[in-house]
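Protein chains in written order, with the working numbering: chain A, 1 to 254; chain B, 1001 to 1211. Structure first, commentary second.
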């Protein structure tokens, strides 16, 4: 490979966030106890993951935290923040419905479909969760879960740049979920593009505001927030997927 | 999967005549008592502990009295030493008696500090006991739903085990995440990044508990 094209490739790899994975792999320990701990963590890219974890934290603190704090200060919870949160969840309905169907969960799919109809109309575009009052509660679904239900293993832990904790299976899931979203495929000039990016931005602020207090507790109490979040992410996904594999319960929240 | 739980998961794979020898072996290894916790005993423990906590959180006592009351609830209903040993994993066995003593002391202090720091967030909390399910290792999982004003309800499973001879709480599983497993991987990661130095872990925990 010529130097110039190598440099271009390196720049591309760096901009895609791939480079740290190539250069920094954890070395497998030889001591049997250390090896067991290494296998339990299932994190061969730990050095690279920690780089991104630091980067993501820095980004959160500089960008999302001030916005989320401002949002919290300006917008009252029950009157503004909760309705906006419900509105954003309602926008996700097509993705959730698609995954409910792909997972082979007719009851969950029916719940999502019905919620979308009722909340988009009687709930004024999803601002109010009328369906929940009628006993049909919100649940989430994504393509990472769908792959798991189909039998795909999670693979090692990955801290994705900007996005956060994940793994190869859930990373692929994110891409498919974006592709599954009808809003992704509306191409109608700058207005739609601006709306699409506003939605991503507002969703990020909404999610960060809701998680901020718990993140503060983890950062204050944990000796190693990276390890704590890695463990929480993995356990949460595993328990969600185990419940999904066990049945078709519309009241299961994830 | 915690190492001692997987020991029980292996039981069905053993030939029957090997079972007695295996039972003797698990006793030697200090496995949890074979007598399981009775489900209603576990549910009662969780209900009384929960009621005590709710009374404490929503009561108007000053912080010193609250702390003392919380300490009494924790000491009476939670197997703190057992949880502490679990969280340290393999490093418990290789620790000196002095290190074990220091670690247990700082673990108790850490638990108390984390509990008191978050107590205020639960003002107005109510809870409802749901399904009670025996688990493979003889412990019992008691499902509860915690409801705080203006918040989504939270699912919290309380794990009750009788390794100490009487039923005690040994874990909280919040939305599918086990507190003691999370803490164990936190400590394991700290040890791995600090040359497996237990004294460093104890010092770091002390700094957090006092900071």
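For every residue, glycine included, the Cβ atom is placed at its ideal position computed from N, Cα and C. Owing to the predicted nature of the structure, the values given are computational and were not obtained by experimental measurement.
- Distances from the alpha-carbon of residue 52 of chain A to those of A:165, A:249, A:123 put A:165 closest.
- Annotation for residue 1158 of chain B: the continuous beta strand (DSSP E) segment containing it runs 1154-1161.
- Proximity to residue 40 of chain A across B:1210, B:1192, B:1058 peaks at B:1192, based on C-alpha coordinates.
- The stretch 1053-1072 of chain B makes contact with the stretch 1103-1119 of chain B; the number of CB pairs closer than 8 angstroms reaches 3 or more.
- Within the stretch 213-227 of chain A, 213, 217, 220, 221, 222, 223, 224, 225, 226, 227 place their CB atoms closer than 9 angstroms to a CB of chain B, listed in sequence order.
- Excluding its 5 nearest sequence neighbours in each direction, residue 254 of chain A has C-beta neighbours in its own chain below 7 angstroms: 139, 140, 240, listed in chain order.
- Contact annotation: the stretch 181-199 of chain A touches the stretch 82-99 of chain A, with at least three C-beta pairs closer than 8 angstroms.
- The count of Cβ pairs closer than 8 angstroms, one atom from the stretch 1120-1129 of chain B and one from the stretch 1100-1109 of chain B, stays below three, leaving the stretches out of contact.
- For residue 97 of chain A, the closest alpha carbon among the candidates A:84, A:117, A:85 is that of A:117.
- Comparing alpha carbon positions, the residue from A:57, A:146, A:128, A:158 closest to residue 42 of chain A is A:158.
- Where residue 1171 of chain B is concerned, the enclosing beta strand (DSSP E) starts and stops at 1168-1174.
- Per DSSP, the beta bridge partners of residue 1143 of chain B are B:1157.
- Residue range 158-160 is occupied by the beta strand (DSSP E) that includes residue 158 of chain A.
- One thing to note: residue 1161 of chain B has its Cβ within 8 angstroms of the Cβ of residue 1079 of chain B.
- The Cβ of residue 1189 of chain B sits closer than 8 angstroms to at least one Cβ of chain A.
- Under a criterion of Cβ atoms nearer than 7 angstroms, no residue of chain B is adjacent to residue 140 of chain A; the nearest Cβ is some 12 angstroms distant.
- Within the same chain, Cβ atoms closer than 7 angstroms to the Cβ of residue 137 of chain A are found at 251, the five residues on either side in sequence being excluded.
- Taking 8 angstroms as the cut-off, the beta carbon of residue 1156 of chain B is found closer than this to the beta carbon of residue 1173 of chain B.
- Annotation for residue 235 of chain A: the continuous alpha helix (DSSP H) segment containing it runs 225-246.
- For the stretch 24-111 of chain A, the full-length alpha helix (DSSP H) segments reaching 4 residues or more read 32-41, 46-59, 65-74, 82-91, 93-102 along the chain.
- The shortest C-alpha to C-alpha distance from residue 36 of chain A to any of B:1202, B:1189, B:1194 is the one to B:1189.
- In terms of beta-carbon proximity, residue 1090 of chain B lines the interface with chain A, with at least one pair separated by less than 8 angstroms.
- By the Cβ rule, the stretch 146-153 of chain A does not count as touching the stretch 113-133 of chain A, because fewer than three pairs are nearer than 8 angstroms.
- Listed as beta-bridge partners of residue 1177 of chain B by DSSP are B:1174.
- Around the C-beta of residue 1037 of chain B, 16 or more other C-beta atoms lie within 10 Å, and the residue is accordingly described as buried.
- Pairing residue 1159 of chain B with residue 1185 of chain B gives a Cβ-Cβ distance that is not under 8 angstroms.
- Among the residues of the stretch 1192-1208 of chain B, those with a Cβ less than 9 angstroms away from any Cβ of chain A are 1192, 1193, 1196, 1201, 1204, 1205, 1208, in the order of the chain.
- Per DSSP, reduced to three states, the secondary structure at residue 1126 of chain B is strand.
- The closest CA to that of residue 1049 of chain B, considering only B:1142, B:1154, B:1203, is found on B:1142.
- The closest CA to that of residue 206 of chain A, considering only A:81, A:129, A:146, A:143, is found on A:81.
- Less than 8 angstroms separates the beta-carbon of residue 1199 of chain B from that of residue 1099 of chain B.
- For residue 1082 of chain B, no CB of chain A lies under 8 angstroms from its own CB, so it is not counted at the interface with that chain.
- A check of alpha carbon separations from residue 1042 of chain B across B:1180, B:1204, B:1181, B:1133 identifies B:1133 as the nearest.
- Under the Cβ criterion of 8 angstroms, residue 1166 of chain B is not counted among the residues facing chain A.
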